[in-house]
Every structure is written in C-alpha cells, then in structure tokens.
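Report on the following structure.
As structure tokens, then:
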C-alpha cells in the first residue's frame, strides 16, 4: 500500500504542476479507526468536475483506490483550486 500511496501523491503533484497553475499544495495524511485518510489540496485554477472527464492520471488514482476498497472524492471549482480526499480501510473486505 505504501507504493500505491506514493504513486497517488506523485500523480496528484504532477497534475498540479502541469495543469493547475497553483503556488500552494496542502497535504494531510492521517490514520484513524483503521482507515487511512489522505487529503490533497491546491490553490490552482481548478476545473468543473461535472463536465470534465477523468484523464489517465485521475483514472489511475481512482483504480488504485478502488483496489483497496477505498473512496475518492474530488471537489474542484474554477479559480478556486482542487481538493481530493481519499479514504482507504486498512482491513480489506
């Protein structure tokens, strides 16, 4: 799982540097009640989640999270940045 989390972090950082035009990235990683909580936020230009399809990078992240029975939530608004929250249970079903 450590490698998967690192790959997710790498992909999110690459997307931010490539597309977001952000100057700040906030990352939080917590362990609570046998779940890993990963929060990633940037202050970039954001995008409209309702009309934007997931690219290869975000699709890979979604697949990695699904492999661990986790959840992925993307919140982004034009000119307000992007927030990505991932929750992964440590005990797999």
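In our numbering, the protein residues as written are 160 to 252.
We put the beta carbon where it would ideally sit given N, CA and C, even for glycine.
Next on the checklist: For residue 246, which residues in the same chain have their Cβ closer than 6 Å to its Cβ, ignoring the five residues on either side in sequence?
Outcome noted: For residue 246, the CB contacts under 6 Å within the same chain, skipping 5 residues up- and downstream, are 194, 196, 229, 230 in chain order.
Next on the checklist: Counting C-beta neighbours from all protein chains within 10 Å, is the total for residue 213 16 or more, i.e. buried, or is it exposed?
Outcome noted: Counting the other Cβ atoms within 10 Å of the Cβ of residue 213 gives fewer than 16, which makes it exposed.
Checklist entry - Under a Cβ-count criterion, where at least 16 other Cβ atoms within 10 Å of its own Cβ denotes burial, should residue 171 be classed as buried or exposed? => result Per the 10 Å Cβ criterion, buried.
Checklist entry - Roughly how many angstroms lie between the CA atoms of residue 225 and residue 248, to the nearest whole one? => result Going by the C-alpha atoms only, they are around 11 Å apart.
Checklist entry - In this structure, does DSSP put residue 184 in helix, strand or coil? => result DSSP places residue 184 in strand when its eight states are reduced to three.
Next on the checklist: What does the alpha-carbon distance come out to for the pair residue 174 and residue 192?
Outcome noted: C-alpha separation (whole angstroms): 30 Å.
Next on the checklist: Could you pull the DSSP bridge partners for residue 240 from this structure?
Outcome noted: Beta-bridge partners of residue 240 (DSSP): 236.
Checklist entry - Between residue 164 and residue 199, what straight-line distance do the alpha-carbon atoms span, to the nearest angstrom? => result Their Cα atoms are separated by approximately 12 Å.
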